[in-house]
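In what follows, a structure is listed as structure tokens, so that the remarks can point back to it.
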Amino acid sequence: MNNLKDLPKIDLHCHLDGSLSKSFIEHCLKRNVSALELTAPSDCASLAEYLTKFDLPISCIQTRENLKAAVIDLLRQAREDNILYMEIRFAPTLSVNASLGYKDIYEAVIEGANEGLKSFGVYSNIIICAMRHHTKEQNLEMLKIGREYLGNGICALDLAGDEAGFPNELFTYLFEEARRLDMPFTVHSGECGSINNIKLAVEAGAKRIGHGICLVNDPALMRLCKEKNIGFELCPTSNYQTKAVKTIASYPLRNFLDFGIIATVNTDNMTVSDTTMSKEYELITQKLNIAKDELIQLYENSIRLSFANDDVKNMLYKTVKDYEK
Ligand SMILES: [Zn+2]
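Residue numbering for the sequence shown follows this note's numbering, starting at -2 and increasing by one per position.
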């Protein structure tokens, strides 16, 4: 097999704040930061504890210049890992302040994406995240203005944050508005064991589910997801850290693949989870016995599920041959 690092890769579930490099954060804060400040501990107890690691990087993306530079920082890291296409997600409302509005924020990250393509040859699109603890007014305004950039740098909506505290039934308004605006969406669901959240997201019209690993406990819902071609954005290292699975060996990637679900493997947060796509590939090939032809399948699943346009998808399909060497 090729060196895992050399294989072409796609990351469809990567948070901008949780993936900023140590050097970028130190540059922004003008001080040294420790690994403990940036990365979830190996004995991380829950998703709630995991989420406390985001305050520091979010403080670094509060200006137009830093937002643009943050996307460039991420795409530079992507190039090093031979990621050819990346969907970068972030919560715009966490960067809104008196001197920074949604349009400034969207234009800054799109400029960063364009510059990242020019400098590193990595294609990307932006997914905008509504937050579960934000108000209806905040989430709808973020979506309305973001929709103006659909197809021009922004590719979809997501819903993120404390899933257990704010379940999907509270967000009917958001899913309805996304459908009305013809905005494709993915939803973080089933990361904390709630099968009902996956069900509600699928019924509401989600094209993809972030994590969703408890799906394997409900064969009827699995069949429905298979029939509807719902894609799953799995993030093994992160899911282990947030205690969505007890052991890596029990990670249900193979169950998804064997059932015929369109599953993909992603990083979630490169810095908070101290991971890369190469490390995820290493983990699943060594601990879950994922074979080379299954890596090809995962890569093709990512192309199929991506919110990229046909030109980018066709370019990515041509790179599948690099797995056959
Ligand atoms: Zn996520």
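Beta carbons are placed, not taken as given, at the ideal position from N, Cα and C, and that holds for glycine.
Predicted model, so just to flag it, every value in this text is computed and none were measured.
task: Take every Cβ of the region 99 to 115, pair it with every Cβ of the region 39 to 51, and state whether three or more of those distances are shorter than 8 Å.
output: Touching, no.
Per-residue burial, serine 299 [other beta carbons within 10 Å of its own, 16 or more giving buried]: The residue given as residue 299 occupies position 302 in the sequence shown. It is buried - the Cβ of serine 299 has at least 16 other Cβ atoms within 10 Å.
Beta-carbon proximity of lysine 196 to threonine 183, cut-off 9 Å: The residue you call residue 196 lines up with position 199 of the sequence shown. The residue you call residue 183 lines up with position 186 of the sequence shown. No, the pair does not count as a contact, with Cβ atoms beyond the cut-off.
Extent of the continuous beta strand (DSSP E) to which histidine 10 belongs: Within the sequence shown, numbered from 1, the residue matching residue 10 stands at position 13. Element bounds for histidine 10: 6 to 12.
Three-state secondary structure assigned by DSSP to alanine 305: Against the sequence shown, residue 305 aligns to sequence position 308. Three-state result, alanine 305: coil.
- request: Please state whether DSSP places glutamate 230 in a helix, a strand or coil.
  value: Residue numbering aside, residue 230 sits at position 233 when the sequence shown is read from its first letter. Glutamate 230 falls in the strand class under three-state DSSP.
query: Which first and last residues belong to the beta strand (DSSP E) in which aspartate 155 is found?
result: Working through the sequence shown from its first residue, we reach residue 155 at position 158. DSSP places aspartate 155 in the uninterrupted beta strand (DSSP E) bounded by 151 to 157.
task: Could you please give the first and the last residue of the uninterrupted alpha helix (DSSP H) stretch that includes cysteine 222?
output: Your numbering for residue 222 matches position 225 in the sequence shown. Taken as a continuous stretch (DSSP letters only), the alpha helix (DSSP H) holding cysteine 222 covers 216 to 224.
query: At which residue ranges does the region 103 to 149 contain complete alpha helix (DSSP H) runs of 4 or more residues, listed in the order of the chain?
result: The DSSP assignment places complete alpha helix (DSSP H) segments of no fewer than 4 residues inside the region 103 to 149 at 133 to 144, in order along the chain.
query: Taking Cβ to Cβ, would you say isoleucine 210 is nearer than 9 Å to leucine 178?
result: Against the sequence shown, residue 210 aligns to sequence position 213. Against the sequence shown, residue 178 aligns to sequence position 181. Contact: no.
message: Measuring only from the beta carbon, is arginine 129 closer than 8 Å to any heavy atom that is part of ligand 1?
response: Here the question's residue 129 lines up with position 132 in the sequence shown. Ligand 1 never approaches arginine 129 closely enough for any of its heavy atoms to be under 8 Å from the residue's Cβ.
- prompt: Can you pull the DSSP bridge partners for threonine 183?
  reply: Locating residue 183 in the sequence shown gives position 186, where the first residue counts as 1. Its beta-bridge partners are Arg205.
field: Residue(s) in a DSSP beta bridge with glutamate 166
entry: By one-based count along the sequence shown, residue 166 stands at place 169. Glutamate 166 pairs with nothing; no bridge assigned.
message: Measuring alpha carbon to alpha carbon, tell me which residue in Ile124, Ser116 and Val262 is nearest aspartate 14.
response: Locating residue 14 in the sequence shown gives position 17, counting from the first residue. Of the listed residues, the one whose Cα sits closest to aspartate 14 is Ile124.
- request: Determine the DSSP secondary structure at arginine 28, reduced to helix, strand or coil.
  value: Locating residue 28 in the sequence shown gives position 31, counting from the first residue. In this structure, DSSP gives arginine 28 a state outside helix and strand, which the three-state scheme calls coil.
message: Using DSSP's beta-bridge definition, name the partner residues of aspartate 324.
response: Summary: the structure shown does not reach residue 324, with the chain confined to residues -2 through 322, and so no result is reported for it.
message: Let me check you understand the geometry: is the CB of alanine 305 closer than 8 Å to at least one non-hydrogen atom of ligand 1?
response: Taking the first residue of the sequence shown as 1, we reach residue 305 at position 308. Incorrect: alanine 305 has no Cβ contact closer than 8 Å to ligand 1.
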